[in-house]
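The next block holds one structure in the form of structure tokens; read it before the comments.
Residue numbers (the numbering used here), protein chains in the order written: chain A, 1 to 160; chain B, 161 to 308.
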């Protein structure tokens, strides 16, 4: 009994008399409850406004999304077009260059590997190369000229 | 929700169109058999030294694609030969090589190996033509070309 009196949480100390409780509830009770039909009307109007509200950035958002998708598509297409479909040897660039100039070194009317072979032997056998051996016209007589002739010899779209 | 579906559909359509471009129009159907085989090219120059050669190979039956070219067995021709890069993924190729050194093969030697993709069940047939073979002095020599 003594311990209960010392306990500040004891319910006996905070017990509210029933009369006081009723008075307090009556004092803070709302004056009048909102009728259900009013409540429903407010909700309906709010819903109607929210649904029909015009969103000023809606078009911009859609345009931005479409633009980003289009940009991604362009990047994919460019990358796919840029990628070689078949791996070419590293000498492919020189092969392309070999298509333009005549390479019939022995002047027998056809370009074949013997033209390249003879040019290579000529270049290896002398320290004073002739100017006409500069087949690719880069100002030097070297292995590049031999490759130039050889690539012309193996070109597919020519009669050998 | 509708916008999200529309975006997904547009993205899918673009992706499918790009992937369709990637597809080779001549790619075999799933049902067509595809296999890879090497075609070894031999040249017999008899007693003469072989210093240079050029030949042409093309498929006259069946469907093939050339996917790679390998050098020969002799040290003089182990380096990759000359060929038109356009021959890759094609059914025709001209291959040539030479060596100005003195260590040259004689007799029958493998001068190249052509790696092929064979498409379909029809056994391919080839036409092999030796354009020229030459000895170390640059003169043409008689030689026989064959494949296995």
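We put the CB at the ideal spot given by N, CA and C, even for glycine.
Taken in chain order, the members of the stretch 117 to 133 of chain A whose beta-carbon sits within less than 8 Å of a beta-carbon on chain B are 117, 118, 120, 121 and 124. Restricting attention to B:201, B:287, B:247 and B:241, the CA atom closest to the CA of residue 220 (chain B) is found in B:287.
With fewer than 16 other Cβ atoms from the protein chains shown falling within 10 Å of its own Cβ, residue 28 (chain A) counts as exposed. With fewer than 16 other Cβ atoms inside 10 Å of its own Cβ, residue 302 (chain B) counts as exposed. Only residues of its own chain outside the window of five on either side were considered, and among them 192 and 223 have a CB closer than 6 Å to the CB of residue 280 (chain B), listed in chain order. Residues of chain A whose Cβ lies closer than 8 Å to the Cβ of residue 254 (chain B) are, in chain order, 153, 154, 155, 156 and 160. Within the stretch 289 to 300 of chain B, the residues whose Cβ lies closer than 8 Å to any Cβ of chain A are, in chain order, 291, 292, 294, 298 and 300. The distance from the Cβ of residue 227 (chain B) to that of residue 240 (chain B) is about 14 Å, inconsistent with a contact at the 8 Å cut-off. Chain order gives the chain B residues near residue 150 (chain A) as 242 and 256, where near means a beta carbon separation below 7 Å. A check of alpha carbon separations from residue 111 (chain A) across A:142, A:153 and A:119 identifies A:153 as the nearest. Membership of residue 288 (chain B) in the beta strand (DSSP E) is indicated by the continuous run 285 to 294. Contact with chain A is found for residue 213 (chain B), since one of that chain's Cβ atoms lies less than 8 Å from the residue's Cβ. Taking CB atoms only, residue 104 (chain A) has no neighbour in chain B less than 8 Å away. DSSP places residue 125 (chain A) in the uninterrupted alpha helix (DSSP H) bounded by 113 to 125. Residue burial is scored here from C-beta neighbours: residue 269 (chain B) has at least 16 other C-beta atoms within 10 angstroms and is therefore classed as buried. Using beta-carbon distances, residue 135 (chain A) does not count as an interface residue toward chain B, since no partner is under 8 Å. Under the three-pair Cβ rule at 8 Å, the stretch 259 to 278 of chain B counts as touching the stretch 196 to 205 of chain B.
Annotation: the continuous beta strand (DSSP E) that includes residue 198 (chain B) extends over 194 to 204.
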